[in-house]
Amino acid sequence: MSPKAHNPAARWTWCDRCRHRGYHSRSDAKTVRKRHPGEKGMSVYPCPHAKGLFHLGHRPDALSSGAIDRNLLRNQAVQSLPAVAAGEGLR
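In our numbering, the protein residues as written are 51 to 141.
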């Protein structure tokens with residue numbers, strides 16, 4: 051078995067639509083989150099575009115304060131990337 055098989059930080063896939071690393075399980079993303087020294091407020095959340103991928107990032111302030119919920123956040127993420135989905139991404 052390769053050394054990377056037991057290292058969750060090495061098991062990720064690039065999500066072209068979100069432009070973030072995507073971990074293949076929530077537990078892998080949580081393990082990587084715990085390895086970030088001094089980073090508070092990091093959250094594990096499912097990718098709004100690809101089933102089975104989880105991203106790691108800071109929670110939006112509006113989500114933390116309760117101004118929006120996760121469903122609204124997911125809908126905004128899906129609607130904000132039509133150009134990337136059509137192949138007109140960053141050049």
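The beta carbon of each residue, even a glycine, is placed where N, CA and C say it ideally should be. It should be emphasised that the depicted structure is a prediction, and the values quoted were computed from it without experimental measurement.
{"Check": "With C-beta atoms as the reference, is Ala112 less than 8 Å away from Val94?", "Outcome": "no"}
{"Check": "Going along the chain, which unbroken runs of the alpha helix (DSSP H) with 4 or more residues stay wholly within the region 61–129?", "Outcome": "76–84, 111–115 and 120–129"}
{"Check": "Check this for me: beta carbons of Thr81 and Pro96, under 8 Å apart or not?", "Outcome": "no"}
{"Check": "Excluding five sequence neighbours on each side, which residues of the same chain lie with their C-beta closer than 7 Å to the C-beta of Ala100?", "Outcome": "Cys65 and Gly72"}
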